[in-house]
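**Student:** Please read through the structure below; I'll follow up with questions.
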Amino acid sequence: MIFRAEVFVTLKPVVNDPQGSTIRSGLRSIGFDTVRDVRCGKYLVLTIEDADEGAARARVDEMAREILANPVIEDYRFELEPVASPASAGERRA
Amino acid sequence: MRTGIVVFPGTWSDRDCAHAVGDVLEQPYRFVDHRERRLEDIDLVVLPGGFSYGDYLRCGAIARFAPVMEAVAAFADRGGLVLGICNGFQVLQEARLLPGALLRNASCEFRCEWVNLRVEQGDTPFTRDCRPGQVLRIPISHGEGNFYADPPTLEALEAGGQVVFRYCTAEGRISEVANPNGSLANIAGIVNKRGNVLGMMPHPERACEEMLGGRDGLFLFRSAMRALQVVAA
Numbered sequence: 001m002i003f004r005a006e007v008f009v010t011l012k013p014v015v016n017d018p019q020g021s022t023i024r025s026g027l028r029s030i031g032f033d034t035v036r037d038v039r040c041g042k043y044l045v046l047t048i049e050d051a052d053e054g055a056a057r058a059r060v061d062e063m064a065r066e067i068l069a070n071p072v073i074e075d076y077r078f079e080l081e082p083v084a085s086p087a088s089a090g091e092r093r094a
Numbered sequence: 095m096r097t098g099i100v101v102f103p104g105t106w107s108d109r110d111c112a113h114a115v116g117d118v119l120e121q122p123y124r125f126v127d128h129r130e131r132r133l134e135d136i137d138l139v140v141l142p143g144g145f146s147y148g149d150y151l152r153c154g155a156i157a158r159f160a161p162v163m164e165a166v167a168a169f170a171d172r173g174g175l176v177l178g179i180c181n182g183f184q185v186l187q188e189a190r191l192l193p194g195a196l197l198r199n200a201s202c203e204f205r206c207e208w209v210n211l212r213v214e215q216g217d218t219p220f221t222r223d224c225r226p227g228q229v230l231r232i233p234i235s236h237g238e239g240n241f242y243a244d245p246p247t248l249e250a251l252e253a254g255g256q257v258v259f260r261y262c263t264a265e266g267r268i269s270e271v272a273n274p275n276g277s278l279a280n281i282a283g284i285v286n287k288r289g290n291v292l293g294m295m296p297h298p299e300r301a302c303e304e305m306l307g308g309r310d311g312l313f314l315f316r317s318a319m320r321a322l323q324v325v326a327a
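Protein chains in written order, with this note's numbering: chain A, 1 to 94; chain B, 95 to 327.
Structure follows, in structure tokens:
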């Protein structure tokens, strides 16, 4: 089965985020003065082929822990959903 | 002192390290490809600066998984001397051979300039030629050198005497003005508990000749030479 995982990596709340602060200043300087805080992170989209959703979830979690996020400074979360394979899409059309 | 200079795709300071070790100090060296798995012929491993794997994802995040890093970890485990400079420091942290992480500079700017470093520990294999409190003038060149560790880790580093260099004024005063990147406690370089793995953001290999602006970087390489000769004797 094919799955699509969206992984969100963000700096831990206690870690300073100079990029976020700079973006905040930029927003406020052009008049968006309602902005209190900006945190800047990474967004990754993974396409995965695995036996079932449980296996796919376990693998994405492992990838996030091992490499996609650095646990010293970052947190992560992800969303995963099955993607219709081209074959099943064809069946549906037929 | 047989030096192995590790080259990842995107490493840029390997030739500078070779010049310092080979031409200035007249020591044997070889470049170690990132796919190599053996370091038996090496006394000192240098992980030079640069942008390994384009710094994609995070600085050092991909390099950590290069085959050579397993050999570097085993080499460090045997007590071998490992010096990680700039991107090499980031790689050592990603590989968990050193604690903490290096965040984007507080200014969000790439900083390329000469800085002053106060030697906090004169008894590591990399600083034994220095007096504690001595001020070294060595250049930095990085966008992500903002040292971070959580409070318990930072406390353990300080208590264990693992902070080797701090950014300071020319007179050796630790101040915010002297801090080029926002590093916690002005930390510029640390060692592991055992003291044989050093990571630092400044580039000692670029401060080995008067012609280049100073020779203070030689203190590190000469210290390592002395440490290794003591071991060999």
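Ideal Cβ positions, reconstructed from N, Cα and C, are used throughout, including at glycine.
#1: Per DSSP, which residues does Phe8 (chain A) bridge with? Please list them.
#2: Please check if any C-beta of chain B sits within less than 8 Å of the C-beta of Pro18 (chain A).
#3: List the residues of chain A that Cys202 (chain B) touches, going by C-beta distances under 7 Å, in chain order.
#4: Tell me the residue span of the beta strand (DSSP E) that contains Arg231 (chain B).
#5: Please report the distance separating the alpha-carbon of Gln184 (chain B) from that of Ala5 (chain A).
#6: Near His297 (chain B), what residues of its chain come up, given a Cβ to Cβ distance below 8 Å and the 5 sequence neighbours on each side ignored?
#7: Need the endpoints of the beta strand (DSSP E) that Gly26 (chain A) sits in, please.
#8: With DSSP as the reference, label Pro245 (chain B) as helix, strand or coil.
#9: Rounded to whole angstroms, what is the Cα-Cα separation between Met294 (chain B) and Ala318 (chain B)?
#10: The ligand MG and Ala157 (chain B): does the residue's C-beta get closer than 7 Å to at least one heavy atom of that ligand?
#11: From which residue to which residue does the beta strand (DSSP E) around Val139 (chain B) run?
#12: So, for Val229 (chain B): in the same chain, excluding its five sequence neighbours on each side, which residues have a beta-carbon less than 8 Å away from its beta-carbon?
#13: CB-CB under 7 Å to Met79 (chain B), same chain, minus the five flanking residues each way: which ones, in chain order?
#14: Are any of the Cβ atoms in chain A nearer than 8 Å to that of Leu197 (chain B)?
#15: Label Arg132 (chain B) either buried or exposed according to how many other C-beta atoms from any shown protein chain fall within 10 Å of its C-beta, with 16 as the threshold for buried.
#16: Apart from the five residues just before and just after His128 (chain B), which ones in its own chain have a Cβ nearer than 6 Å to its Cβ?
#17: From this set, A:Arg57, A:Phe32, A:Ala69 and A:Gly26, which residue's C-alpha is nearest Tyr43 (chain A)'s C-alpha?
#18: Tell me which same chain residues have a C-beta within less than 8 Å of the C-beta of Arg225 (chain B), skipping the five on either side of it?
#19: Quick one: what's got a C-beta closer than 7 Å to Gly148 (chain B)'s C-beta in the same chain, skipping five residues either side?
#20: Less than 8 Å between CB atoms is the rule here; does Ile2 (chain A) satisfy it with respect to chain B?
#21: Assuming Phe259 (chain B) contacts Ala243 (chain B) under a Cβ cut-off of 8 Å, what Cβ separation, rounded to an integer in Å, is found between them?
#22: Just to confirm my understanding: we take Leu278 (chain B), look at its own chain, exclude 5 residues before and 5 after, and list those with CB closer than 7 Å. What are they?
#23: Specify, as a first and last residue, the run of the alpha helix (DSSP H) that Gly127 (chain A) falls within.
#24: CB Ile67 (chain A) to CB Ala155 (chain B), shorter than 8 Å?
#25: In chain order, which alpha helix (DSSP H) runs of at least 4 residues are fully inside the stretch 133–204 of chain B?
#26: Is the CB of Ile67 (chain A) under 8 Å away from at least one CB in chain B?
#27: I'd like the list of long-range same chain contacts for Asn16 (chain A), defined as Cβ closer than 7 Å, with 5 residues on each side in sequence excluded.
#28: In angstroms with no decimal places, state the Cα-to-Cα distance between Ala55 (chain A) and Glu252 (chain B).
#29: If you draw a straight line from the alpha carbon of Val166 (chain B) to that of Val176 (chain B), how long is it in whole angstroms?
#30: Tell me the residue span of the beta strand (DSSP E) that contains Asp127 (chain B).
#31: Leaving aside the five residues before and after Asp75 (chain A) along the sequence, list all residues of the same chain whose C-beta is less than 6 Å from its C-beta, in chain order.
#32: Give the range of the alpha helix (DSSP H) segment to which Cys262 (chain B) is assigned.
**Tutor:** Taking the coordinates as given:
#1: Looking up residue 8 (chain A) in the first sequence gives position 8. A:Tyr43 and A:Arg77.
#2: Reading the first sequence from its first residue, position 18 is the one you call residue 18 (chain A). Output row for Pro18 (chain A): interface = yes.
#3: In the second sequence, counting from the first residue as 1, residue 202 (chain B) sits at position 108. Near Cys202 (chain B) (Cβ distances below 7 Å), the residues of chain A are Pro18, Gln19 and Thr22.
#4: Within the second sequence, the letter at position 137 stands for residue 231 (chain B). Val229 to His236 is the extent of the beta strand (DSSP E) around Arg231 (chain B).
#5: Residue 184 (chain B) sits at position 90 when you count from the first residue of the second sequence. Residue 5 (chain A) sits at position 5 when you count from the first residue of the first sequence. About 28 Å.
#6: Counting from one through the second sequence, the residue named residue 297 (chain B) turns up at place 203. Excluding sequence neighbours, His297 (chain B) sits near Ser107, Asp110, Gly143, Ile179, Cys180, Ile232, Pro233, Ile234, Ser235 and Gly311.
#7: Looking up residue 26 (chain A) in the first sequence gives position 26. From DSSP, Gly26 (chain A) is part of no beta strand (DSSP E) but of the alpha helix (DSSP H) over Pro18 to Ser29.
#8: As a working note, residue 245 (chain B) is residue 151 in the second sequence. In the structure shown, Pro245 (chain B) sits in a helix (DSSP, three-state: H, G or I).
#9: Looking up residue 294 (chain B) in the second sequence gives position 200. Looking up residue 318 (chain B) in the second sequence gives position 224. When rounded, the distance between both Cα atoms is 15 Å.
#10: The ligand MG is not part of this structure, which contains no ligands at all.
#11: Along the second sequence, read from residue 1 onward, the residue named residue 139 (chain B) stands at position 45. Looking at the DSSP string, the run of the beta strand (DSSP E) that includes Val139 (chain B) is Leu138 to Leu141.
#12: Residue mapping note: residue 229 (chain B) aligns to position 135 of the second sequence, counting from 1. Cβ within range, chain order: Asn210, Leu211, Arg212, Val213, Cys262, Ala264, Glu265 and Gly266.
#13: Residue 79 (chain B) lies beyond the stretch modelled for chain B, which goes from 95 to 327, so this question has no answer here.
#14: Here residue 197 (chain B) is taken as the residue at index 103 of the second sequence, counted from 1. Yes, contact with chain A.
#15: Translated into the one-based positions of the second sequence, residue 132 (chain B) becomes position 38. Result: exposed.
#16: Your numbering for residue 128 (chain B) matches position 34 in the second sequence. Here the set comprises Phe102, Ala160 and Val162.
#17: In the first sequence, the residue the question calls residue 43 (chain A) occupies position 43. It is A:Ala69 whose Cα lies nearest to the Cα of Tyr43 (chain A).
#18: On the second sequence, residue 225 (chain B) is found 131 positions in, with the first residue counted as 1. Excluding sequence neighbours, Arg225 (chain B) sits near Val213 and Gly216.
#19: Position 54 of the second sequence, counted from the first residue, corresponds to residue 148 (chain B). Closer than 7 Å at the Cβ level, and outside the excluded window around Gly148 (chain B), lie Gly104.
#20: Numbered from 1 along the first sequence, position 2 holds the residue referred to as residue 2 (chain A). So, not an interface residue.
#21: Counted from its first residue, the second sequence places residue 259 (chain B) at position 165. Counted from its first residue, the second sequence places residue 243 (chain B) at position 149. Not really, about 15 Å apart at Cβ, beyond 8 Å.
#22: The residue labelled residue 278 (chain B) in the question sits at position 184 within the second sequence. Excluding residues within five positions, the ones whose Cβ falls inside 7 Å are Phe241, Tyr242, Ala243 and Leu248.
#23: Because residue 127 (chain A) is not part of the residues shown, which for chain A are 1 to 94, the question remains open.
#24: Looking up residue 67 (chain A) in the first sequence gives position 67. Looking up residue 155 (chain B) in the second sequence gives position 61. Against a cut-off of 8 Å, the Cβ pair of Ala155 (chain B) and Ile67 (chain A) comes out as a contact.
#25: 161–171 and 181–188
#26: Against the first sequence, residue 67 (chain A) aligns to sequence position 67. Answer yes: the Cβ-Cβ gap between Ile67 (chain A) and chain B drops below 8 Å somewhere.
#27: On the first sequence, residue 16 (chain A) is found 16 positions in, with the first residue counted as 1. Hits under 7 Å: none found.
#28: As a first step, residue 55 (chain A) is located in the first sequence; it is residue number 55 there, counting from the start. As a first step, residue 252 (chain B) is located in the second sequence; it is residue number 158 there, counting from the start. Each residue's Cα considered, the two are about 43 Å apart.
#29: Here residue 166 (chain B) refers to the residue found at position 72 of the second sequence. Here residue 176 (chain B) refers to the residue found at position 82 of the second sequence. Going from the Cα of Val166 (chain B) to the Cα of Val176 (chain B) covers about 8 Å.
#30: As a position in the second sequence, residue 127 (chain B) is number 33, starting the count at 1. Counting along the chain, the beta strand (DSSP E) containing Asp127 (chain B) begins and ends at Tyr123 to Asp127.
#31: Here residue 75 (chain A) refers to the residue found at position 75 of the first sequence. Contacts found: Thr10 and Lys12.
#32: Stepping through the second sequence from its first residue, residue 262 (chain B) is reached at position 168. Premise fails: Cys262 (chain B) lies in the beta strand (DSSP E), Val257 to Cys262, not in any alpha helix (DSSP H).
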